[in-house]
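A.B. asks: Here this note's numbering is used: the first residue of the sequence shown is -11, the next is one more, and so on.
Just so it is clear, CB atoms sit at the ideal spot from N, CA and C, and this is done for glycine as well.
After the structure tokens below, expect a handful of questions from me.
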Amino acid sequence: MEIKIKFGDTEINLSHGEKKKKLAIGENPFEAMLPLFDLDHYYKFYENMPHYMVSYYKDLGKAFEKYLDISKPGTGKIPDSPDVLPANGHDIYNYIARYGIANFQIQVIMKLDGRIDFDKLSRAVRLSVDAEPVLGCRFVEHDPPYWKRLEDIDKIEFCSMEETTNAEEAVQLFLESPLDMDNDPKIKVKLIRSDECDIVGIKANHACCDATGLKEYVQLISDIYSRLDGSEEAFVPIPSKRGRGDQDRLFKSLGITEPDSLWIPGSDMLLPTWAFPWKQGTSSTTRMVVCRISPDQAEAISSYAKSRGATYNDLILAAYYRAMLKMGQPMYGVPMGIGVTVDLRRYLSDSKTEALRNFSGSVGTWLSMVENESFGETLSRVVYMMNEIKRGYPGLQSAIGLERLERVSFKEALAYYQATSRIGKNRAKRPVYYGDRCIPTLSNIGILSKQLIKMGDVNVSDYYIIPPVVSAPGLLLMANTYNGIMTLAAGFYENTVLSYDVERLLNNIKHEILEGCKQ
């Protein structure tokens, strides 16, 4: 039989002989194919899943690859203006993630050991928008899309202040408050002042930077604030330049002249294999869960890792695999997948991009779980797996894929992700039971700063980054370390999972790490 599928204006005919039931022709491959089966059926793949379901999943991936190949890029050009910046494939993907994939914001919480000057903080934030012009722009849906400097930028409130008697509650409310993609600036800073301390919260729009970029931004505003705090002289930042330089340097450093020739369709695709207690419901309200590991505990973890030839990332990933087994009916002896984000700056000679931006990829890890296996045994297999992955330039396929997305018509790309969103909403109307599947991902940002960050004479005593909230069946865990404290954080949409279950997962990961490192 032949199925017609459509992305925007691009139509593809996909032949398949095994499925005899006639399908209704949808607007795109997701509407034509995914309604045939629930994500929970992936679980049956390891039992008695019909071969046609596996084939259709593969065909779906092939359809999108074919669409990328035949879709024509937009014929327009971005305006030739100093107020315009080009948008790259990373920006485009994270912008259209608003359509049912994630809530597109990354956040920072910094606790200070003294008082800072709010007016100087506001000035530092405003100057940072001149230093990194993309933060003072809006994303323009054009073919091709671009960033455009905001009008009346000096009238925009980038920084605000709240005085409170309950700092913990204020921080939670800040983290769970939404960022308006269309009307809010790309960076928002809030000073939360209580009797005990000053806390600085930062929200960044994921369309313009990733977590490493936000880490760089924290250093930027602390540097600007310190310069303002120590001198009355006018400080004029030098604007960064944002273009194709970083992508070109990445491929050049790897000796790649034709990225498309190395493209492996579906290489970074993961199936939702893990049992996880999603529940029926829809919501745009996000909730955050944070779990901390103390400096003494972190030091013991570091010593154990060195003794086993493992990295912090290996330890966290091993604990993640083992903790996921406890979230539902365990599955042994078959490959289970967890995605791992990759900072593509690792391939640049100075490990830095020319400007604040998104520059991250991902790689899929697959590990079969073994019953009654010790933490050390799981860790050994994870170390071997990750060493093998590192030999193959992890994240490169994501980088090539985003290069391809950059060349696709924005109208077509937008139609694709809007369709994904509609399917998610339709699926939420059907019963979802305990035992639904999950696609977990680990994003380990590492050490946020080797020295204490200072705002003038005031030290930042505590600091952590909170990841974007990913829609089911995705689940993003972020790990980062500062001043000896490791933070594990994850978010979720209210009414799609119980807070208790996300807290249980993070606590299980912490428990696996701490107990495993005692072995």
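First and last residue of the alpha helix (DSSP H) that includes Ser110?
C.D. replies: Stepping through the sequence shown from its first residue, residue 110 is reached at position 122. Residues 106 to 119.
A.B. asks: What are the start and end residues of the beta strand (DSSP E) that includes Ala478?
C.D. replies: Counted from its first residue, the sequence shown places residue 478 at position 490. It spans 473 to 481 - the beta strand (DSSP E) in which Ala478 sits, taken as one unbroken run.
A.B. asks: Taking all protein chains shown into account, do 16 or more other C-beta atoms lie within 10 angstroms of the C-beta of Gln95, making it buried, or fewer, making it exposed?
C.D. replies: Reading the sequence shown from its first residue, position 107 is the one you call residue 95. With 16 or more other Cβ atoms within 10 Å, it is buried.
A.B. asks: Using the three-state DSSP reduction, which class does Tyr381 fall into: helix, strand or coil?
C.D. replies: Here residue 381 refers to the residue found at position 393 when the sequence shown is read from its first residue. The answer is coil: DSSP assigns Tyr381 none of H, G, I, E or B.
A.B. asks: Among the residues of its own chain, which have a CB less than 8 angstroms from the CB of Leu303, if the five just before and after it don't count?
C.D. replies: Position 315 of the sequence shown, counted from the start, is the residue given in the question as residue 303. So the qualifying residues of the chain are Ile289, Tyr292, Ala293, Leu367, Ile501, Gly504, Cys505.
A.B. asks: Could you round the C-beta distance between Lys176 and Phe146 to whole angstroms and report it? I think they count as a contact, below 8 angstroms.
C.D. replies: To locate residue 176, count along the sequence shown from 1; it is residue 188. To locate residue 146, count along the sequence shown from 1; it is residue 158. With 8 angstroms as the limit, Lys176 and Phe146 qualify as a contact, their Cβ atoms being about 6 angstroms apart.
A.B. asks: Should Pro461 be labelled buried (16 or more other beta-carbon atoms within 10 Å of its own) or exposed?
C.D. replies: On the sequence shown, residue 461 is found 473 positions in, with the first residue counted as 1. Classification for Pro461: buried.
A.B. asks: Kindly list the residues whose CB is nearer than 7 angstroms to the CB of Gly380, restricted to its own chain and excluding five residues on each side of it in sequence; keep chain order.
C.D. replies: Sequence index remark: in the sequence shown, residue 380 carries index 392 (1-based). Excluding sequence neighbours, Gly380 sits near nothing in its chain.
A.B. asks: Give every residue of the same chain whose Cβ lies closer than 6 angstroms to the Cβ of Met98, excluding the five residues on either side of it in the sequence, and list them in chain order.
C.D. replies: Taking the first residue of the sequence shown as position 1, residue 98 is located at position 110. The residues are Val188, Val448, Tyr451.
A.B. asks: For Val371, which residues in the same chain have their Cβ closer than 6 angstroms to its Cβ, ignoring the five residues on either side in sequence?
C.D. replies: Residue numbering aside, residue 371 sits at position 383 when the sequence shown is read from its first letter. Cβ within range, chain order: Ala298, Asp302.
A.B. asks: Starting from the C-beta of Ile539, find all residues in its chain whose C-beta is less than 6 angstroms away, skip the five residues before and the five after it, and write them out in chain order.
C.D. replies: What the structure shows of the chain is the stretch from -11 to 507, and residue 539 is not part of that stretch, so it cannot be assessed.
A.B. asks: Apply the 10 Å Cβ neighbour rule to Ile195 and answer buried if 16 or more other Cβ atoms are within range, or exposed otherwise.
C.D. replies: What you label residue 195 is simply residue 207 of the sequence shown in a count that begins at 1. The sequence as given places Ala at residue 195; Ile does not occur at that position. Classification for Ala195: buried.
A.B. asks: At 4 residues or longer, and completely inside the region 294 to 368: list those alpha helix (DSSP H) runs for me, N to C.
C.D. replies: Runs of the alpha helix (DSSP H) inside the region 294 to 368: 300 to 312.
A.B. asks: With distances taken between CB atoms, is the gap from Ser348 to Leu332 smaller than 8 angstroms?
C.D. replies: Taking the first residue of the sequence shown as position 1, residue 348 is located at position 360. Taking the first residue of the sequence shown as position 1, residue 332 is located at position 344. Yes; because the gap between Cβ atoms is below 8 angstroms, this pair is in contact.
A.B. asks: Taking the straight line between their C-alpha atoms, what separation do you get for Ala85 and Leu393?
C.D. replies: Here residue 85 corresponds to residue number 97 of the sequence shown, with the count starting at 1. Here residue 393 corresponds to residue number 405 of the sequence shown, with the count starting at 1. So the two alpha carbons sit approximately 13 angstroms from each other.
A.B. asks: By how many angstroms is the C-alpha of Tyr87 removed from the C-alpha of Gly233?
C.D. replies: Here residue 233 is taken as the residue at index 245 of the sequence shown, counted from 1. Here residue 87 is taken as the residue at index 99 of the sequence shown, counted from 1. When rounded, the distance between both Cα atoms is 29 angstroms.
A.B. asks: Helix or strand or just coil, what does DSSP make of Thr469?
C.D. replies: Working through the sequence shown from its first residue, we reach residue 469 at position 481. DSSP places Thr469 in strand when its eight states are reduced to three.
A.B. asks: One question on the structure: do Arg275 and Ser487 come within less than 8 angstroms of each other, judged by their Cβ atoms?
C.D. replies: What you label residue 275 is simply residue 287 of the sequence shown in a count that begins at 1. What you label residue 487 is simply residue 499 of the sequence shown in a count that begins at 1. Yes, the Cβ-Cβ distance between Arg275 and Ser487 is below 8 angstroms.
A.B. asks: Hey, Asn193 and Phe92 are a contact pair by Cβ (cut 8 angstroms); roughly how many whole angstroms apart?
C.D. replies: If you number the sequence shown from 1, residue 193 lands on position 205. If you number the sequence shown from 1, residue 92 lands on position 104. Sure, about 6 angstroms apart at Cβ, within 8 angstroms.
A.B. asks: Once DSSP output is grouped into helix, strand and coil, what is the label at Ile435?
C.D. replies: Along the sequence shown, read from residue 1 onward, the residue named residue 435 stands at position 447. In this structure, Ile435 counts as strand in the three-state DSSP scheme.
A.B. asks: Can you name, in chain order, every residue of its own chain whose Cβ lies under 6 angstroms from the Cβ of Ile388, other than the five neighbours on each side?
C.D. replies: Taking the first residue of the sequence shown as position 1, residue 388 is located at position 400. Once the five neighbours on either side are set aside, the close Cβ partners of Ile388 are Pro247, Trp251.
A.B. asks: In its own chain, which residues sit with a C-beta less than 6 angstroms from the C-beta of Ala306, not counting the 5 before and 5 after it?
C.D. replies: On the sequence shown, residue 306 is found 318 positions in, with the first residue counted as 1. Excluding positions up to five away in sequence, the list reads Thr366, Leu367, Val370.
A.B. asks: Report the residue from Asn346, Val322, Ser214 whose alpha carbon sits nearest the alpha carbon of Thr353.
C.D. replies: One-based indexing of the sequence shown puts residue 353 at position 365. Among Asn346, Val322, Ser214, the Cα nearest to that of Thr353 belongs to Val322.
A.B. asks: Should Ile180 and Met443 be called a contact, given that it needs their Cβ atoms to be closer than 8 angstroms?
C.D. replies: Sequence index remark: in the sequence shown, residue 180 carries index 192 (1-based). Sequence index remark: in the sequence shown, residue 443 carries index 455 (1-based). In this structure, Met443 does not lie closer than 8 angstroms to Ile180 by Cβ.
A.B. asks: Does the distance from the C-beta atom of Phe480 to that of Val457 stay below 8 angstroms?
C.D. replies: Numbered from 1 along the sequence shown, position 492 holds the residue referred to as residue 480. Numbered from 1 along the sequence shown, position 469 holds the residue referred to as residue 457. Yes. Within cutoff.
A.B. asks: Check this for me: beta carbons of Cys125 and Leu138, under 8 angstroms apart or not?
C.D. replies: Along the sequence shown, one-based indexing puts residue 125 at 137. Along the sequence shown, one-based indexing puts residue 138 at 150. A contact, by the Cβ cut-off of 8 angstroms.
A.B. asks: Going by CA-CA distance only, name the one from Val122, Leu163, Ser295 that's closest to Ala478.
C.D. replies: In the sequence shown, residue 478 corresponds to position 490, counting from 1. Of the candidates Val122, Leu163, Ser295, the one whose C-alpha sits nearest the C-alpha of Ala478 is Leu163.
A.B. asks: By how many angstroms is the C-alpha of Glu157 removed from the C-alpha of Ile80?
C.D. replies: Walking along the sequence shown from the start, residue 80 turns up at place 92. Walking along the sequence shown from the start, residue 157 turns up at place 169. Spanning the two alpha carbons is a distance of roughly 34 angstroms.
A.B. asks: Using a Cβ-Cβ cut-off of 6 angstroms (strictly less than) and excluding sequence neighbours within five positions of Leu123, which residues of its own chain qualify?
C.D. replies: For the purposes of this step, residue 123 is identified with residue 135 of the sequence shown, where counting begins at 1. Within the same chain, Leu123 has close Cβ partners Val117, Lys174, Ile175.
A.B. asks: At 3 residues or longer, what runs of the beta strand (DSSP E) sit wholly inside the region 198 to 266?
C.D. replies: Those beta strand (DSSP E) runs which fall completely within the region 198 to 266 and span 3+ residues do not exist here.
A.B. asks: Can you list, in chain order, the residues of its chain with a C-beta nearer than 8 angstroms to that of Ala119? Leave out the 5 residues immediately preceding and following it.
C.D. replies: Position 131 of the sequence shown holds residue 119. The answer, listed in chain order, is Leu208, Ile212, Pro225, Ile226, Pro227, Ser228.
A.B. asks: For Leu493 versus Met315, is the C-beta distance shorter than 8 angstroms?
C.D. replies: To locate residue 493, count along the sequence shown from 1; it is residue 505. To locate residue 315, count along the sequence shown from 1; it is residue 327. Yes. Within cutoff.
A.B. asks: Going by other Cβ atoms of all chains shown within 10 Å of its Cβ, with 16 needed for buried, is Leu344 buried or exposed?
C.D. replies: Working through the sequence shown from its first residue, we reach residue 344 at position 356. With 16 or more Cβ atoms within 10 Å of its Cβ, Leu344 is classed as buried.
A.B. asks: Buried or exposed for Ser397, please, with buried defined as at least 16 other CB atoms from any protein chain shown within 10 angstroms of its CB.
C.D. replies: Here the question's residue 397 lines up with position 409 in the sequence shown. Buried is the call here.
A.B. asks: What is the DSSP secondary structure of Val490, counted as helix, strand or coil?
C.D. replies: One-based indexing of the sequence shown puts residue 490 at position 502. The answer is helix: DSSP assigns Val490 an H, G or I state.
A.B. asks: Which residues in the same chain have their Cβ closer than 7 angstroms to the Cβ of Gln204, if we skip the five residues on either side of it in sequence?
C.D. replies: Numbered from 1 along the sequence shown, position 216 holds the residue referred to as residue 204. It is Glu, not Gln, that sits at residue 204 in the sequence shown. These residues qualify, in order along the chain: Leu344.
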